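Going by this note's numbering, the sequence shown opens with residue 53, and the numbers climb by one from there. Backbone N, C-alpha and C define an ideal beta-carbon position, used for all residues, glycine too. None of the values given here were measured: they were computed from a predicted structure. One structure below.
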Amino acid sequence: MELHFHRPRAEEAREIAPYYSLRDNKTCDSGVIDTYLWGAYYDTKVAVAEGRALLLLMRNGEEYFSALPYCREEELGKYFGLLERYFNEELRKPLKIYLADEEGVAALRLTENLSYLVREEQDFRDYIYDAEQLRTLPGRKFHKKKNLVNKFTKEYEGRWEYRSLCCQDKQLVWDFLDRWYQNRSQEDLESGETLEFEVKGIHEILQNCFLIEHRIGGIFLDGRLEAFSIGSYNPREEMACIAIEKGNSEIPGIYQIINQQFLLHEFPDARLVNREDDMGLPGLRRAKESYNPVLYERKFMILQKSFAGYETELQDVYEAKIAVQDSGEGRNEELGA
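Below is the structure:
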């Protein structure tokens, strides 16, 4: 079977979106939105196999890698094998997968397969929260968060509001991003390239918002957008996935209020919330831990050992991990939490 990989067009989003929830998967990548948000950064290409599986091909310079196939669990082995053959025969490389979901690794029994190196990527585990807790902030463990929300609502009473945003509001978001990007890039110039791709990805989503399923909402203060969040919903897991969260860090409580209000208005029925990983960054880790996760979605690197070039590919793995951590890449910002 030949695979024909291509850059996914916005017009294809509705067609490929159902593949992401064909099997259990609690990672932040269990939805179509990240494929478009980070498509340019990873040079992401997709291929649909027999109308039953979605396969991804990504690249960082000369390094090629993939994700586990998006298909039904009982067919995972078949399409994993198809992906392996593509890497071996077409790319002449060992199969390499980053951030493979725990459920998929278990279904394939890869830890028992001597042909593969399987290593947990602890810095990239996703934080999973109880959605109702983040909506209501109950009890002592959320005391500080609730105080910040209450202080914000009291201080800005009558001056702030939450709005669900739509395609017609994209210029408001772009204007805010321009302000946010200038301030953020001054703080950390070395991560400018990553941020540029992130901003481009947000533009891609908003430019094609009728086509790419997502939800977006913002906090307005005195009529001006001061924070916004973008997310999607995984119906199989009843889980909201928060892909982007940006706020004016000079306003105390802005991150806490957008966090709560976004869930209240856009995901009132969600059971879980995935707020992605911390990439091993201490500040981001403290912020995410402070919201009291109920579990962590473990993710794994998978590398085929039974193919020439294994050692070279393994070195690329280490270099890629260091590069990500040094860049401070982050798809949602919660350092003000």
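Taking the beta carbon of residue i as the centre, do at least 16 other beta carbons fall within 10 Å, making it buried, or is it exposed?
i	result
GLU209	exposed
GLU242	Because the pLDDT of GLU242 is 45, which lies under 50, any placement of that residue in the model is unreliable, and the question is left without a value.
CYS293	buried
LEU336	buried
LEU109	buried
ASP240	Its pLDDT being 49, under 50, ASP240 is placed unreliably by the model, and nothing is read from it.
GLY334	Gly is not the amino acid found at residue 334; the sequence shown has Pro there. When all chains shown are included, PRO334 counts as exposed.
GLU349	buried
ARG177	buried
May I ask you to report which of helix, strand or coil DSSP gives residue i?
i	result
SER301	coil
LYS148	strand
CYS219	helix
LYS78	coil
PHE57	coil
ARG111	strand
GLU172	strand
ALA105	strand
GLU154	helix
VAL225	helix
ASN235	helix
ARG327	coil
First and last residue of the alpha helix (DSSP H) that includes residue i?
i	result
LEU134	128-137
GLU318	306-318
LEU89	85-89
LYS340	334-341
GLU142	It is not in any alpha helix (DSSP H) - GLU142 carries neither H nor E in the DSSP assignment.
GLU289	Looking at the DSSP string, GLU289 is not in any alpha helix (DSSP H), and its letter there is neither H nor E.
GLU67	65-68
Following the continuous beta strand (DSSP E) through residue i, name the residue where it begins and the one where it ends.
i	result
LYS351	351-356
TYR122	Careful: TYR122 lies outside any beta strand (DSSP E) and carries neither H nor E.
ASP182	178-182
GLY270	267-273
ALA360	Counting along the chain, ALA360 falls outside any beta strand (DSSP E), and DSSP gives it neither H nor E.
So what does residue i bridge to, in DSSP terms?
i	result
LYS198	DSSP output for LYS198 lists no bridge partner at all.
ILE282	ILE268, ILE296
ALA322	According to DSSP, ALA322 bridges with nothing at all.
GLU213	PHE272
LEU347	ILE180
ALA99	LEU107
LEU277	PHE272
PHE117	MET110
Using a threshold of 7 Å, is the CB atom of residue i nearer than that to any non-hydrogen atom of the ligand NAD?
i	result
PRO304	Ligands are entirely absent from the displayed structure, and the ligand NAD is therefore not among its contents.
Practice problem: Would you be able to state if there are at least three C-beta pairs under 8 Å between the segment 248-264 and the segment 354-362? | Solution: As far as the Cβ criterion goes, the segment 354-362 does not touch the segment 248-264, which means the pair count is below three.
Exercise. Please confirm if the segment 73-86 is in contact with the segment 117-130, defined as three or more CB-CB distances below 8 Å between the two stretches.
Key: Contact between the segment 73-86 and the segment 117-130 is present, because at least three Cβ pairs lie under 8 Å.
Self-check item: Cβ pair count under 8 Å reaching 3, the segment 217-225 against the segment 274-285
Solution: Touching, yes.
Quiz item: Are at least three pairs of beta-carbons, each pair with one atom in the segment 311-324 and one in the segment 179-190, less than 8 Å apart?
Solution: Touching, yes.
Quiz item: Okay, do the segment 84-100 and the segment 297-305 touch, 3+ Cβ pairs below 8 Å being the bar?
Solution: No contact exists between the segment 84-100 and the segment 297-305.
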